[in-house]
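Numbered per mature numbering (1 follows the signal peptide of the UniProt record, and there is no 0), the sequence shown spans residues -19 to -1, 1 to 418.
For each residue, glycine too, the CB sits at the ideal point set by N, CA and C.
Predicted, not measured: the structure shown is a model, and the values here were computed from it.
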Amino acid sequence: MKKWIFVSMFASLVFALVACSGNSESTGNSENNKGGNDGGDKEASNEAVELDFWIFGSTGYGELVEEYMKENPNVKININEGEMNDMHNNLFTSISAGSGAPDIAQIEISSIEKFIEAKDRFYNLNDYGASDVAANYLDWKWTQAQTADGSFQIGLPTDVGPTTMFYRVDVMEAAGLPTDREKVAAEIDSWEAYYETAKVIKEKTGKPISDTPKLVFNAIRDQEEQQYFNEDHELIIEDTVKEAYDFTTKMIEEGLIGQNDLWTPEWGSAMAEGAYATLPGAPGWMVANVKSNAPDTSGLWDIAKIPEGAGNWGGSFLTIPKESEHPEEVFAFISWLTAPEQQLKSFEIAGLFPSTPDVYENEEFLATTDEFFNNAPTAKIFAEAAQSVKTVYMGPNYSIVDTELGTALLNVAVEGSDPQTEWDAALDRIKSQLERQ
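Structure (structure tokens):
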């Protein structure tokens, strides 16, 4: 769900798009602007319209779309669901060519900056009333889909991915460690404590504390206020995430972290077998992944706070490409779909964690527990995490850096490579790719 691929395709498409937008008038003044109107705080008309909606992942939006169409019989919405990277690539191809884009496009958080750079190919949602609903959303989430000066809002927020720590109760018990979630959080309240706990688990059970290097690295990285780039698009990883990389590789070399890559069959099997103790940095949507990969382990999992504060992993935005002929009707729909009431329904249907804090005050929401995770109050845990996330600038080339650092970590874990050598090689690859952007 969260792997980034096709980087070279993305890079070439961005280059072509920037070149095109620098040598022609804005799409808003061209024949490609089928909507024919860029602003005005419009209301949707009663005209019969048909809208194409591109989505990815397990959103549960199909049920909500049916509800919206019943309430708005003049609107027909066609859902086109695919794999995340394919959808992003197809969207970039379409807006670059000026044809083939949908009326509504879902864009994942790691790619939103790329599309903000191509904002002339999208409607500015501020022109349709976005600023009036900004207070509905977490501040850090809202700002991720706007230009630095706040004048252009490319998308409305959907879900968020506040991070916590999933853990195996049976493995912790076998290591003689606390299993109660409050006691686990108190015992592992820092990354140094996580390291010390890992040594105990390894000694008592022979198991690693985590089987996936990238999860440990991601969890620490996502707590940083700056990660891969500053707002001038300068690469800053030596000053920000090198410490997280060194910490992770130290644990790999000591046999405290396993070798599995995310989303592989081996990763799923280890989850089912209880081959490790924790999933650090696990967001709300990971609940479904655990249940899918380890269906027979109900009651053996629990959820605690992550050491040193939550980060965010995942979440999306709904945007309106300029090719849409019906921006008013689209905005009416996406503002409905991302409103607190519908975000609560998305959580109940598909587990998408809301980006609307009003939902966090709903008593029924806060009372949500999950029997699979030892009756953990999942909504309350994730709500507290979401409200502690810091605003982070990710940059348009985030995926390039993330992919290369992931490769370096895996080489250390699987090949036994020297961590510094792998870091230097990853840095060379990153700089080489950035020079071609």
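- Task: Taking Trp282 as part of the beta strand (DSSP E), name the residues at either end of that continuous run.
- Result: Per DSSP, Trp282 is one residue of the beta strand (DSSP E) stretching across Trp282 to Ala285.
- Query: Thinking C-alpha only, which one of Asn27, Glu47, Lys57 and Tyr49 is nearest Asp33?
  - Reply: Closest by alpha carbon: Lys57.
- Query: Whose C-beta lies closer than 6 angstroms to the C-beta of Asn61 among residues of the same chain, with five residues either side of it excluded?
  - Reply: Hits under 6 angstroms: Trp35.
- Task: Could you tell me the distance, in whole angstroms, from the CA atom of Asp101 to the CA atom of Pro377?
- Result: Rounded to whole angstroms, Asp101 to Pro377 spans 16 angstroms at the Cα level.
- Task: Go to Ile169, then tell me how far its beta strand (DSSP E) extends in each direction, as first and last residue.
- Result: That residue, Ile169, is in no beta strand (DSSP E); it is neither H nor E in DSSP.
- Message: If you reduce the DSSP assignment to three classes, tell me which class Tyr148 lands in.
- Response: Strand at Tyr148.
- State buried or exposed for Ala116, treating a residue as buried only when at least 16 other CB atoms are found within 10 Å of its CB. The residue in question, Ala116, is exposed, as its Cβ has fewer than 16 Cβ neighbours within 10 Å.
- Message: Tell me the rounded alpha-carbon separation between Gly290 and Thr259.
- Response: Taking the straight line joining both Cα atoms gives about 16 angstroms.
- When DSSP labels each residue in this structure, what does Glu206 get in the three-state scheme? Of the three classes helix, strand and coil, the one that applies to Glu206 here is coil, per DSSP.
- Rounded to the nearest angstrom, how far is the Cβ of Pro138 from that of Ala126, given a contact under 8 angstroms? With a Cβ gap of about 7 angstroms, Pro138 and Ala126 count as contacting.
- Message: Only counting the same chain, and skipping five residues up and downstream in sequence, which positions put a Cβ closer than 8 angstroms to that of Glu154?
- Response: Take Glu154, set aside five residues on each side of it, and the residues of its chain with a beta-carbon closer than 8 angstroms to its own are Thr160, in chain order.
- Query: Is Leu243 closer than 9 angstroms to Leu299 when the C-beta atoms are compared?
  - Reply: No, the pair does not count as a contact, with Cβ atoms beyond the cut-off.
- Task: Within its chain, find whatever has a CB closer than 8 angstroms to the CB of Val152; leave out the 5 residues flanking it on each side and keep chain order.
- Result: Non-local C-beta neighbours of Val152 in its own chain, meaning closer than 8 angstroms and more than five positions away in sequence, comprise Ile182, Thr186, Lys188, Gly255, Tyr257 and Ala258, ordered along the chain.
- Which of the three DSSP states, helix, strand or coil, is assigned to Glu28? The three-state secondary structure of Glu28, taken from DSSP, is coil.
- Message: Considering only DSSP beta bridges, list what Ala86 is partnered with.
- Response: Per the DSSP secondary-structure output, Ala86 pairs in a beta bridge with Trp35 and Thr300.
- Message: By alpha-carbon positions, which one of Ser327, Gly332, Ile330 and Ala364 ends up nearest to Glu344?
- Response: Among Ser327, Gly332, Ile330 and Ala364, the Cα nearest to that of Glu344 belongs to Ala364.
- Query: What separation, rounded to the nearest whole angstrom, lies between the Cα atoms of Tyr374 and Tyr209?
  - Reply: Note on geometry: alpha-carbon atoms of Tyr374 and Tyr209 lie some 9 angstroms from one another.
- Task: For Pro246, count neighbouring C-beta atoms within 10 Å of its own C-beta (all shown protein chains included) and say buried if the count is 16 or more, exposed if not.
- Result: By the neighbour-count rule (16 or more Cβ atoms within 10 Å), Pro246 is not buried but exposed.
- Message: I'd like the span of the alpha helix (DSSP H) that includes Thr230, first residue to last.
- Response: Its alpha helix (DSSP H) spans residues Lys223 to Glu234.
- Message: If you reduce the DSSP assignment to three classes, tell me which class Phe103 lands in.
- Response: In this structure, Phe103 counts as strand in the three-state DSSP scheme.
- Which residue comes first and which comes last in the beta strand (DSSP E) that contains Glu342? Looking at the DSSP string, Glu342 is not in any beta strand (DSSP E), and its letter there is neither H nor E.
- What is the DSSP secondary structure of Leu390, reduced to helix, strand or coil? Helix.
- Item | Straight-line Cα distance separating Gly397 from Thr221 | Whole-angstrom Cα-Cα distance: 24 angstroms.
- Query: Taking only beta-carbon atoms, is Pro338 less than 9 angstroms away from chain D?
  - Reply: Judged by its chain identifiers, the structure shown contains no chain D, having just a single protein chain.
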